[in-house]
Each structure stands twice: as structure tokens, then as C-alpha cells.
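Residue numbers for the sequence shown follow this note's numbering, beginning at 190 and rising by one. What follows is one structure encoded as C-alpha cells, with my remarks underneath.
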Amino acid sequence: MSLPDITTLKEYGNQCMSGGDYVNAMKYYSQCIAIAPKDATLYSNRSFAFLRLNMPARALADAEEAIKRRPDWPKGHFRRAEALSQAGLYDEALLSYQHGSRLDASDEHLRSQAIAAAANARRQKRYAQAQVAIGALIGALLFALLVFSPQKAIDETLSAAARRRQEANKAGSVTSAFVLLAGTLLGAAAGYGALLLQQYNRRGVTLPPLDSNDRFAAMQMQGQRLPSNDSSAPQTMDASHAETAQRPAAREQKGCRGRSAKHGREAALRAAGKRA
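What follows is the structure, given as C-alpha cells:
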């Protein structure tokens, strides 16, 4: 009984992508990568599968592997931009879209995505400015309430003559203005701090995973073998394993974190029934 070759495995992956079975598509592409680790198109395909699984960090890692193997290939830069866009890093995504567009000026889809990323980046900047402005306004209003509400209560208890004497001798207007300014600045600082936290969270989404994509995929395929080489469409490998691919490797043993991508490729080869 013959086992599927790389062309068949890739076709299985493509069929899974077309059918919306992104988990198994990722597994099939991983088996292909185990056989041909220098093929940039395989990393691009798996990056797309990870993107559909809402795993931008893994999608970005595979996109960068594709770029490393084919720096002048527009598709690798497109995949990188897509992963960054999913994480909300539109400024960085725009640079990758533009790089890819320069490599292939005839690609209308790449150009349209670059335009969309530029619009999203502008919208994000406007939102950031509005957030700081709203923070400043809230700070000013809160401090105004703290300053003027007690003063109003005191003024209402004073006689008209005493009020006139107090107004004549008022020197607290400068202090009030300073307090309002302080409230405005503190509110703006709070808004800016919230912005920094959002940016930190976006970048955190794209941090390199502790385990390689090869290792991650191999973990999903443990104990599984691919179907024999035939003309039928790929079958779902295992529903329980498919579920786990959409979660980070929480059940991974501590010792697995330091294992290299080579170990992941060897495990994938074993899952395919081939020798490492």
C-alpha cells in the first residue's frame, strides 16, 4: 500500500482549505514541509491556514519563513502583511503590502489590500487621537467638579456683602486654573496610557510562539497516519485532535518547549509513515 507523495498531500491540504477545514489543511501542509522544508510555497500555504485559525503569531512565523526562502516573492510579503493586519498592526502591515506591491506591480489584489491597510492605519490614528482627547476632557470635567462644587456650596451660605468681599479678595482663580490644567493633563496621560496598553497587546499577539510551528503541528498529529494514496478527498483526521489545534499547546509537557523545528519535522514524517 503506497503512501501519499508531496503533491497529493498538498492537494489534500488545498481541498481542506477550500472546504473550510483549516485544522487538517495545516496538518497536511506540515507533512509537506517535513518532506520539502525549503519550499516557500508550503510555508505560505500553512501561514494562510494559521491565519484562518485566528493564530496570527504562527501565521507570521510561517510567512517570515517563506520570505527567508524566497525574499523576492511577493506572496511571502503578502502573507506577512495579512498576519500583521489580523493583529491590528496596520502600519507594519502596510509596509509589507507595499513591499510586495513593489515586487509585483501588476497584482491588483495586493495593491487594493495596501490601500485598505493605509485606510485602517489612518482610522487607528484618529481613534488614538480621539482617545487621548476624551481622556483630557474627562480629567478636566472631574477636576472642575472637585474645585467648583464645594465653592458653590460655600457661596450659597454667605451673605451678599460677604460674597462681595470674598470676590474682591479672590486670588484662587489662578489655583483653579492650575487644577483644571492638571486634570486635563492627567486625563490625557490616562488616555495615552490606555493606547500604549492596546499597542502592547497587539504586539503580544504576534510574539514568536514558544514551540515551533513544526512542533505544534506534529503534536496535533501524534498517533495519526495519513490515508493511503487514492483518488478520494481527504478525510478528517480526528475531530478531537482538530479541536486542540485551535488552542495553544496548553497540554504540552514542559520539556517540549525547547525542542527544535527539526524534531517537529521528524515527528511529522513519522506521522506520514515515512522515515525521518
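From the three backbone atoms N, C-alpha and C, an ideal C-beta is built for every residue, glycine too. Since the model is a prediction, treat every value here as computed from it, not as a measurement.
- Here Leu-273 is not near Gly-289, since their CB atoms are 8 angstroms or more apart.
- Spanning the alpha carbons of Gly-209 and Arg-291 requires a straight line of approximately 31 angstroms.
- Cβ-Cβ distances below 6 angstroms link Ile-256 to Gly-265 in the same chain, with the five nearest sequence neighbours on each side left out; the list follows chain order.
- When the Cα atoms are used, Ala-252 and Phe-239 turn out to be separated by approximately 10 angstroms.
- Rounded to whole angstroms, the gap between the alpha carbons of Ala-406 and Met-215 is 7 angstroms.
- One thing to note: Thr-395 has its Cβ within 8 angstroms of the Cβ of Leu-249.
- Scanning Asn-243, Arg-258, Leu-399, Ala-246 for the CA closest to the CA of Thr-230 turns up Arg-258.
- Nearest C-alpha to Leu-198 among Gln-411, Tyr-217, Asp-228: Tyr-217.
- Taking the C-beta atoms as reference points, Arg-391 is found nearer than 8 angstroms to Leu-278.
- Put simply, the backbone Cα of Asp-194 is about 47 angstroms away from that of Leu-386.
- Note that the C-beta distance between Ala-246 and Pro-397 is below 8 angstroms.
- For Leu-278, the three-state secondary structure derived from DSSP is coil.
- Excluding residues up to 5 positions away in sequence, Gly-202, Tyr-218 lie with their Cβ nearer than 7 angstroms to the Cβ of Asn-234 in the same chain.
- Counting only runs of 4+ residues, the alpha helix (DSSP H) found wholly inside the stretch 210-265 occupies 211-224, 229-241, 245-258, in chain order.
- Spanning the alpha carbons of Leu-334 and Ile-323 requires a straight line of approximately 17 angstroms.
- Residue burial annotation: Tyr-211 is buried, with at least 16 other C-beta atoms found within 10 angstroms of its C-beta.
- For Gln-302 against Tyr-286, the beta-carbon gap comes to about 5 angstroms, under 8 angstroms, which counts as contact.
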